[in-house]
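Protein chains in written order, with our numbering: chain A, 313 to 670; chain B, 9 to 279. C-beta atoms are modelled at their ideal positions from N, C-alpha and C, and glycine is treated no differently. The model shown is predicted, which means the values in this text are computed figures rather than measured ones. Here the structure comes first, spelled out in C-alpha cells, and everything after it is commentary.
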Amino acid sequence: MAHVAVESVRKVYPNGHVAIGQVDLTVADGELMVLVGPSGCGKSTLLRLIAGLETPTAGRILIDGRDVTSLPPQDRDVAMVFQSYALYPHLTVRENLAFGLRVRRTPRDVIATQVERAAAALGLDPLLDRKPGQLSGGQRQRVALGRAMVRNPKVFLLDEPLSNLDARLRMETRAELARLHRRLGATSVYVTHDQEEAMTLGERMAVIRDGRIEQVAQPLEVYRRPASLFVAEFVGAPPMNLLPGELEAGRQVRLAGGTTLPLEGVRGGLPAHSRVTLGVRPQDVTLVHPLKGDLAALVDVVEHRGSDVLIRLRLESGAEMRVVAAATTALQPEAPAGLRLDRERLHWFDPETGQRLE
Amino acid sequence: MRPARWATIGLAVVLLAIAFPLYWTIVSSFTPEARLFQAPDLVPRGLVLEHYRALFAQRDFWIPIRNSLVVAGTTTALCVTLGVLCAYALARLRFPGKAPLLALVLAVGMFPQISVVSPLYLLLRELRLINTYPGLVLPYMTFAMPLAVWLLVGVFRQLPPELEEAALVDGASRFRILREVVLPLALPGVAATAMLTFLYCWNEFLFALSFTLGPDRYTVPVAIALFRGRYQVPWGQILAAAVVATAPVALVVFALQRRIVQGLTAGAVKG
Numbered sequence: 313m314a315h316v317a318v319e320s321v322r323k324v325y326p327n328g329h330v331a332i333g334q335v336d337l338t339v340a341d342g343e344l345m346v347l348v349g350p351s352g353c354g355k356s357t358l359l360r361l362i363a364g365l366e367t368p369t370a371g372r373i374l375i376d377g378r379d380v381t382s383l384p385p386q387d388r389d390v391a392m393v394f395q396s397y398a399l400y401p402h403l404t405v406r407e408n409l410a411f412g413l414r415v416r417r418t419p420r421d422v423i424a425t426q427v428e429r430a431a432a433a434l435g436l437d438p439l440l441d442r443k444p445g446q447l448s449g450g451q452r453q454r455v456a457l458g459r460a461m462v463r464n465p466k467v468f469l470l471d472e473p474l475s476n477l478d479a480r481l482r483m484e485t486r487a488e489l490a491r492l493h494r495r496l497g498a499t500s501v502y503v504t505h506d507q508e509e510a511m512t513l514g515e516r517m518a519v520i521r522d523g524r525i526e527q528v529a530q531p532l533e534v535y536r537r538p539a540s541l542f543v544a545e546f547v548g549a550p551p552m553n554l555l556p557g558e559l560e561a562g563r564q565v566r567l568a569g570g571t572t573l574p575l576e577g578v579r580g581g582l583p584a585h586s587r588v589t590l591g592v593r594p595q596d597v598t599l600v601h602p603l604k605g606d607l608a609a610l611v612d613v614v615e616h617r618g619s620d621v622l623i624r625l626r627l628e629s630g631a632e633m634r635v636v637a638a639a640t641t642a643l644q645p646e647a648p649a650g651l652r653l654d655r656e657r658l659h660w661f662d663p664e665t666g667q668r669l670e
Numbered sequence: 009m010r011p012a013r014w015a016t017i018g019l020a021v022v023l024l025a026i027a028f029p030l031y032w033t034i035v036s037s038f039t040p041e042a043r044l045f046q047a048p049d050l051v052p053r054g055l056v057l058e059h060y061r062a063l064f065a066q067r068d069f070w071i072p073i074r075n076s077l078v079v080a081g082t083t084t085a086l087c088v089t090l091g092v093l094c095a096y097a098l099a100r101l102r103f104p105g106k107a108p109l110l111a112l113v114l115a116v117g118m119f120p121q122i123s124v125v126s127p128l129y130l131l132l133r134e135l136r137l138i139n140t141y142p143g144l145v146l147p148y149m150t151f152a153m154p155l156a157v158w159l160l161v162g163v164f165r166q167l168p169p170e171l172e173e174a175a176l177v178d179g180a181s182r183f184r185i186l187r188e189v190v191l192p193l194a195l196p197g198v199a200a201t202a203m204l205t206f207l208y209c210w211n212e213f214l215f216a217l218s219f220t221l222g223p224d225r226y227t228v229p230v231a232i233a234l235f236r237g238r239y240q241v242p243w244g245q246i247l248a249a250a251v252v253a254t255a256p257v258a259l260v261v262f263a264l265q266r267r268i269v270q271g272l273t274a275g276a277v278k279g
C-alpha cells in the first residue's frame, strides 16, 4: 500500500477550460479519501490525473514517494472502478477479472487463485462464466470492484461507483464498500457528488468547487466547522440556513428581522466591512412560542419524513428557514412560530470572501 | 392501421423494384439465346444451362473470377489491416494536426477516378506493374483506404472510451487494447468496412480496364464488358456472367450480415 501526494497540480484543457486550478492533496497510506463536489467541479478530473488518464498542465503527482507525473496508467500500479463499470462485454466475468493479471504476464495458476479469491470475497462465484450483459447492475458493480481488487494495486481509484445503483442497493453497497476497505486497508480515492456518501464513507473528505479544494478534513469536522459558505451549504442535509446580518458595536450582529445576536466563538479578525452571514443547521433550530424565539416566522410547508419533520418557514424579511423538528410536532401552514437558534452551534462567515470567521 | 398498411405497400413496391431486375437476370441467364428476344414471359420455362456451359468451357470465365478474387481480396485485407491501425490512431490518440489529416484522407477519396487514370498509368508503367496484380491492388488502395479509414474512425469513435481507459489502467498497451478490447467490439463495423471495400474492388471497372492488357489479368467486370464481339452481343452469356459475378458478393454479405447487425456492445456500460 502507498500514500498519494498531489502537489500544486493544475489542469487546463486545450480549449482554455481550467478543470483544476491549483490543488495540493495528500492521501495517507491506507486512507479512504473522498473527493466530493457538485458536477463539473473537477473531482473526476483529479481522479483521472492520479490514474494517469490525464496529464497535468503543471505540478507533480507522487505515489509512494515516486514521481509518476509522466508515467502512463499501466506503470502506476493503480486500479480504477469506473462510473459506468466499463466491463469488457465480450469477456466472461472470469476473463474480466483476470484481464489485468494476464496483461501483466502473471503465471496462470496465480491468476486462477487470485480470481477465485476475489470472486469469493464479492460473492461472484456463481457468475464467473457469465458475460456482463447477463448481469444486474449490482452484480456488474461487484465485478468492477473485483477487477480492481484482483491485482492488489497500490491505490484504488473509484469514480462514482454507486451512482448507477438504485437507492436501496446503493446503501447496502456503501456499507459493503466500508467493510471491504476496512478489511483490505487499501489506499483509496473515492469520487462522489453525494455529500451523504462522502460523510458516511470517507475517513477524510475533500470538498471541491470549481477546480479548487475548499476544505480537507474528517467528515465530522467538515460538518461541524465548515471552512466556507460553499462547504456549509453543500455538506449536510437539508442544507444549512444562511441569514445576512450587520455587524454592530460590541460584537453584536443585527439580523434582518431586527434580532441581535452576539458574535460568539469568533476570536480572530473581523472583515473590514460590516456585513456577516450567519449559518445555522436546520437541526440546530428549535420551534418555540411565537413571542419567545430569536426570530419570528410563519409556517410555509410541513414535510413529514417519518423519523422527523422538515418545516419550511418564512421569516419577516422574506427569507426561508428550514427546521428539522421531532415527528410529533403538529403545526399547520400559516401558523406563527418562534425560532430559537442554538448559540453553541452558530457559524459565521464573511459574505465577501465566503470564508468562515474563526 | 392505415399508416402501417401504406408502409407495407410502399415496402413491397420498393422491394419489387429492387428484386425484379435480379430475378429477370437470373431467369434470362437460363433462357436459350433464340428465345431471349421473344415476347417476355414472367414464368420461366424451358430453362437451359448453355450460357453457363459456354461461359466456363469456351471462355474460361474462371480466370477473371480468380483475378477478381485475388485483387479484391488482397486489397480488402491490406485496407482493413492498415485502415484499422490508422483509424484507431485518428479516433483515439491525441496528436497535433489530427483534424486536417482526417480532412485530407477524405479529400484524397474525392478525386474523380478518370482524372488520375493517365498519371497512374505512367507511374505503373515505370514501375513495370502494368498487367500485374500489384498493378491493380495499389491503385485500388488509393481509393479504398480513405473509405476504409473514414468508416473505421466512425466505428471506433462509437465505442465507449471508458473500456479502453479501463484496459489502460489494467496495464494493457495500446496495441493490446486494440487487439483484445477494441477489435472484438468493433467487429461488426470492421466486417461492414471489409464488405464495402470488397464490393468496391469487385465491381471496379475503369482501373481494371486501363491497367490490364490481356485475358490472363482481366477482372470480372472487364471480362464481361469485352464479351461483346464485333457482330453480335452474347446477351445470354453476359447475363450468366453477371449472375456468377454477383454470387460471391451475395455470399459474403449473407455470411457477414449477422455480425453486422448484431450489437456486441450490450452490457459494456450501464443500461
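- Taking 8 angstroms as the upper bound for CB-CB distance, THR84(B) and PHE219(B) are not in contact here, some 18 angstroms apart.
- For PRO551(A), no beta strand (DSSP E) run applies, since DSSP gives it neither H nor E.
- Below 8 angstroms, enough C-beta pairs join the stretch 516-530 of chain A and the stretch 340-358 of chain A to call them touching: three or more.
- Annotation: the continuous alpha helix (DSSP H) that includes PRO142(B) extends over 142-166.
- Per DSSP, the beta bridge partners of SER540(A) are GLN667(A).
- For VAL501(A), the closest alpha carbon among the candidates VAL405(A), LEU470(A), ARG521(A) and GLY333(A) is that of LEU470(A).
- The C-beta distance from LEU440(A) to ALA430(A) rounds to 10 angstroms, too long to meet the 8 angstroms contact threshold.
- Judged by beta-carbon spacing, LEU610(A) lies beyond the 7 angstroms limit of PRO556(A), meaning their Cβ atoms are not closer than that value.
- Residue range 405-415 is occupied by the alpha helix (DSSP H) that includes PHE411(A).
- Close to LEU171(B), with beta-carbon spacing below 7 angstroms, are these residues of chain A in chain order: ALA398 and TYR400.
- Interface annotation for the stretch 152-186 of chain B against chain A: PRO168, GLU170, LEU171, GLU173, ALA174, ALA175, LEU176, VAL177, ASP178, GLY179, ALA180, SER181 and ARG184, criterion Cβ-Cβ distance under 8 angstroms.
- Here DSSP, grouped into helix, strand and coil, assigns ILE138(B) to coil.
- If you ignore the 5 residues before and after PRO147(B), its C-beta comes within less than 7 angstroms of the C-beta of LEU128, PHE215 and PHE219, all in its own chain and listed in chain order.
- Scanning chain B for C-beta atoms nearer than 8 angstroms to the C-beta of MET392(A) yields GLU173, ALA174 and VAL177, reported in chain order.
- With contact defined as three or more Cβ pairs closer than 8 angstroms, the stretch 489-507 of chain A and the stretch 451-471 of chain A are in contact.
- Less than 7 angstroms separates the beta-carbon of THR369(A) from that of VAL324(A).
- When 8 angstroms is used as the limit between beta carbons, PRO192(B) is near these residues of chain A: HIS402, in chain order.
- GLY412(A) belongs to the set of residues whose beta carbon lies under 7 angstroms from a beta carbon in chain B.
- In the pairwise beta carbon analysis, the stretch 153-167 of chain B is classified as touching the stretch 74-94 of chain B: at least three pairs are separated by under 8 angstroms.
- At a beta-carbon threshold of 8 angstroms, none of the residues of chain B lie near LEU474(A); the nearest stands roughly 12 angstroms away.
- Residue range 106-116 is occupied by the alpha helix (DSSP H) that includes LYS106(B), with no beta strand (DSSP E) assigned at that position.
- A residue is called buried when at least 16 other Cβ atoms come within 10 angstroms of its Cβ; ARG225(B) meets this threshold and is buried.
- Under DSSP, the beta-bridge partners assigned to PRO574(A) are GLN564(A).
- Chain B places no beta carbon closer than 7 angstroms to that of VAL316(A), leaving this residue out of the contacts.
- In the structure shown, ALA608(A) falls within a strand segment according to DSSP collapsed to helix, strand and coil.
- According to DSSP, residue pairing for THR504(A) in a beta bridge involves VAL348(A).
- For THR254(B), the three-state secondary structure derived from DSSP is helix.
- Shown here, ALA638(A) sits in a strand according to DSSP, grouped into three states.
- GLY450(A) is positioned such that its CB atom lies no closer than 7 angstroms to that of LEU434(A).
- Chain-order list of chain A residues neighbouring VAL189(B): TYR400, by C-beta distance under 7 angstroms.
- Just measuring C-alpha positions, the residue of PHE411(A), PRO594(A) and ASP341(A) sitting nearest PRO551(A) is PRO594(A).
- The C-beta distance from PRO438(A) to LEU176(B) rounds to 30 angstroms, too long to meet the 8 angstroms contact threshold.
- Three or more Cβ pairs drawn from the stretch 36-48 of chain B and the stretch 241-257 of chain B lie within less than 8 angstroms of each other, which places the two stretches in contact.
- Taken through DSSP and simplified to helix, strand or coil, LYS355(A) comes out as helix.
- In the displayed model, ASP522(A) falls within coil according to three-state DSSP, outside both helix and strand.
- Within chain B, VAL177 have C-beta atoms less than 7 angstroms from the C-beta of ALA363(A), given in sequence order.
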